[in-house]
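Taking it in order: structure first as structure tokens, then the write-up.
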Amino acid sequence: MLVSRTLAGSARVSVKCPQAFRRYASAAPTAAFAGKKGSNGKYTVTLIPGDGIGPEISQSIKDIYVAANVPIEWEEVSVAPILKAGKTAIPDVAINSVKKNTVALKGPLATPIGKGHVSLNLTLRRTFNLFANVRPCVSIKGFKTPYDDVNTVLIRENTEGEYSGIEHEVVDGVVQSIKLITWDASNVSRAMHSLCSVVWQEACHSCAQGYIMKMSDGMFLSACRQVSKEFPISLMMKTCLIVFASRLCKTRSRILTVSW
Numbered sequence: 001m002l003v004s005r006t007l008a009g010s011a012r013v014s015v016k017c018p019q020a021f022r023r024y025a026s027a028a029p030t031a032a033f034a035g036k037k038g039s040n041g042k043y044t045v046t047l048i049p050g051d052g053i054g055p056e057i058s059q060s061i062k063d064i065y066v067a068a069n070v071p072i073e074w075e076e077v078s079v080a081p082i083l084k085a086g087k088t089a090i091p092d093v094a095i096n097s098v099k100k101n102t103v104a105l106k107g108p109l110a111t112p113i114g115k116g117h118v119s120l121n122l123t124l125r126r127t128f129n130l131f132a133n134v135r136p137c138v139s140i141k142g143f144k145t146p147y148d149d150v151n152t153v154l155i156r157e158n159t160e161g162e163y164s165g166i167e168h169e170v171v172d173g174v175v176q177s178i179k180l181i182t183w184d185a186s187n188v189s190r191a192m193h194s195l196c197s198v199v200w201q202e203a204c205h206s207c208a209q210g211y212i213m214k215m216s217d218g219m220f221l222s223a224c225r226q227v228s229k230e231f232p233i234s235l236m237m238k239t240c241l242i243v244f245a246s247r248l249c250k251t252r253s254r255i256l257t258v259s260w
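Residue numbers for the sequence shown follow the UniProt record's numbering, so the first one is 1 and each next one is one higher.
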């Protein structure tokens, strides 16, 4: 898995968690990582420094890990884009490194605006089928912010929907962007239910624009309902993203949000 807050298809889904519960991980193992230490007593982890401030913050992370005596040896690789059959791709060296080590840490990657190669972030997601991007947001004691007592997690669908990057020019001056949703998009719902069942053990709230995009988001909502039957927690459906987002702003705390 890539540790850029990403797990290895649409709606917004939220879960309430107990107020006293302020962690985003349990003491139990949460990933299928079964790596072994090398002869030097360390685990090997792929490091993708990235662009811009990426190399600088990557070095800071390495310094922190050294200071904390974390048994990790970094295998640094570049994901500078290459073309394969006319499509943007990641070098085989980087792909093989991630597959071998299972865990990778990624810095920010530059994305051309309105031109140039396909986003490397999107390319990484497609290459390793990283369908769920987990983004926790929690208030830190001692740091004053406009909103207090924030405790949310956004799990965003990474491989489908509007961010699939499927677009083309129909005729001069007319561009078409395709929102692709397949039944496999239910994977993100299953990931959310698994997390909520083990960690939060609370009801889920699913929200999509099904009242406008009846076929695409409607199919995802149907998938969510079916997936929910596999878990002991209840699922409540919402159909308006704006209303749901407003609720999040008002409630702020004790909400786990899983989204497209």
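In this text, a Cβ means the ideal position worked out from N, Cα and C, and glycines have one as well.
In this chain, the beta strand (DSSP E) harbouring N133 covers 132-138.
V118: not part of any alpha helix (DSSP H); DSSP gives it neither H nor E. Burial check for E169: the Cβ neighbour count within 10 Å stays below 16, so the residue is exposed. For A80, the three-state secondary structure derived from DSSP is coil. Per the coordinates, the alpha-carbon of D63 lies some 46 Å from the alpha-carbon of Q176. For Y43, the uninterrupted beta strand (DSSP E) segment begins and ends at 43-48.
Where E157 is concerned, the enclosing beta strand (DSSP E) starts and stops at 151-157. For V175, the enclosing beta strand (DSSP E) starts and ends at 174-180.
Note that the C-beta distance between A132 and N151 is not below 8 Å. Under the three-state reduction of DSSP, K99 is assigned to helix. If you ignore the 5 residues before and after S97, its C-beta comes within less than 8 Å of the C-beta of T46, E75, V77, A104, all in its own chain and listed in chain order.
Secondary structure of S228 (DSSP, three-state): helix. Listed as beta-bridge partners of T88 by DSSP are L83. At a Cβ-Cβ threshold of 8 Å, P108 and G54 count as neighbours. The beta-carbon separation of L120 and P81, rounded to 6 Å, stays under the 8 Å limit for a contact. For L105, the enclosing beta strand (DSSP E) covers residues 104-106. Annotated as proximal: V153 and R135, with beta-carbon spacing under 8 Å.
Distance from the CA atom of I57 to the CA atom of A68, rounded to whole angstroms, is 16 Å.
Distance from the Cα of I72 is smallest, within the candidate group K36, I90, A85, A89, for K36. Between the C-alpha atoms of E230 and D184 there is a straight-line separation of about 16 Å. Between I212 and K100, the alpha-carbon positions lie close to 43 Å from each other. Here the alpha carbon of L221 sits roughly 10 Å from the alpha carbon of K214.
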